[in-house]
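Enquirer: Numbering (the numbering used here), first residue to last: 66 to 137. Ideal Cβ positions, reconstructed from N, Cα and C, are used throughout, including at glycine. Let me begin by handing over the structure; questions about it come next.
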C-alpha cells in the first residue's frame with residue numbers, strides 16, 4: 066500500500082496557492098496544480114523546484130495555510 070501524504074490545510078488550496086506565488090515569484094499555476102489525492106505529485110514537484118526536503122515543503126504549505134507564513 067502506498068504511503069499517502071495529506072496536508073492539513075486551514076485555507077482553501079486556491080488561497081494557499083496564491084500566497085505561495087506571492088512568496089516565491091518563480092512558482093507558477095502549473096507548478097502548484099493540485100487535486101486532493103494527488104499530494105504525492107505536488108510534493109515531488111515542489112521538492113525539486115524549492116530544493117527543500119519533503120517535510121520542509123509540507124511545513125511550508127501548512128504554515129501558509131494557517132497564516133503563519135514561513136516565507137523565505
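(1) Note the first and the last residue of the continuous alpha helix (DSSP H) segment covering residue 122.
(2) Any idea what DSSP makes of residue 80, helix, strand or coil?
(3) May I ask you to report which of helix, strand or coil DSSP gives residue 116?
(4) In three-state terms, what does DSSP make of residue 86?
(5) With distances taken from CA atoms, which of 92, 78, 130, 129 is nearest residue 102?
(6) What separation, rounded to the nearest whole angstrom, lies between the Cα atoms of residue 94 and residue 109?
(7) Using the Cα positions of residue 98 and residue 124, report the straight-line distance between them to the nearest angstrom.
Expert: Reading from the atomic positions:
(1) Position 57 of the chain shown, counted from the start, is the residue given in the question as residue 122. Run containing residue 122: 119-130, per the alpha helix (DSSP H) assignment.
(2) On the chain shown, residue 80 is found 15 positions in, with the first residue counted as 1. In the structure shown, residue 80 sits in a helix (DSSP, three-state: H, G or I).
(3) Taking the chain shown and counting its residues from 1, one reaches residue 116 at position 51. DSSP places residue 116 in coil when its eight states are reduced to three.
(4) Residue mapping note: residue 86 aligns to position 21 of the chain shown, counting from 1. Residue 86: helix per DSSP, three-state reduction.
(5) Taking the chain shown and counting its residues from 1, the one referred to as residue 102 is at position 37. Comparing Cα positions, the closest option is 78.
(6) Walking along the chain shown from the start, residue 94 turns up at place 29. Walking along the chain shown from the start, residue 109 turns up at place 44. If I take the Cα positions, the gap works out to 15 Å.
(7) Along the chain shown, read from residue 1 onward, the residue named residue 98 stands at position 33. Along the chain shown, read from residue 1 onward, the residue named residue 124 stands at position 59. The straight-line gap from Cα to Cα measures roughly 18 Å.
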